[in-house]
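Enquirer: Have a look at this one.
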Amino acid sequence: MFGITSLPAALAPPAHLGHYERAHWGVENRLHWVRDVTFREDNSQVRTGTAPRALAGFRNLAISPARLADRANIAHARRDLLAHNDTFAVYNI
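Mapping the sequence shown onto the UniProt record's numbering, position 35 (from 1) lands on 35, and the numbers just tick up by one.
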């Protein structure tokens with residue numbers, strides 16, 4: 001693995017850098033991947049003002065209850081919710 005850091009060598013031994021890298025991808029896989037794939041965030045055409053940030057917040061709010069309910073598969077939890085409420089489907093939440 002290769003990495004660039006502004007930390008001094010004493011604060012950035014290879015084991016720590018590896019941990020930081022794995023932690024970064026843990027966040028990427030746990031949240032951003034779900035937003036990108038399950039909620040098709042990358043396909044959103046909302047681009048102006050604060051709307052993209054607001055929609056990301058709504059998506060996070062939709063993900064959180066599923067995580068708190070120990071639902072490992074967010075896509076399945078979303079489909080269960082959409083089966084009972086068309087309002088969420090209208091806003092692609």
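Think of the CB as a built atom: it goes at the ideal place given N, C-alpha and C, for glycine as much as any other residue.
Exposed or buried, what is ALA62 when buried is set at 16 or more other beta-carbons lying within 10 Å of its beta-carbon?
Expert: That one is buried.
Enquirer: Under three-state DSSP, which class holds ILE63?
Expert: Residue state, collapsed to three classes: helix.
Enquirer: Closest by CA to ASN43, which one among ALA56, GLY49, ASN85?
Expert: Minimum Cα distance to ASN43 is reached at ALA56.
Enquirer: Exposed or buried, what is VAL37 when buried is set at 16 or more other beta-carbons lying within 10 Å of its beta-carbon?
Expert: Label assigned to VAL37: exposed.
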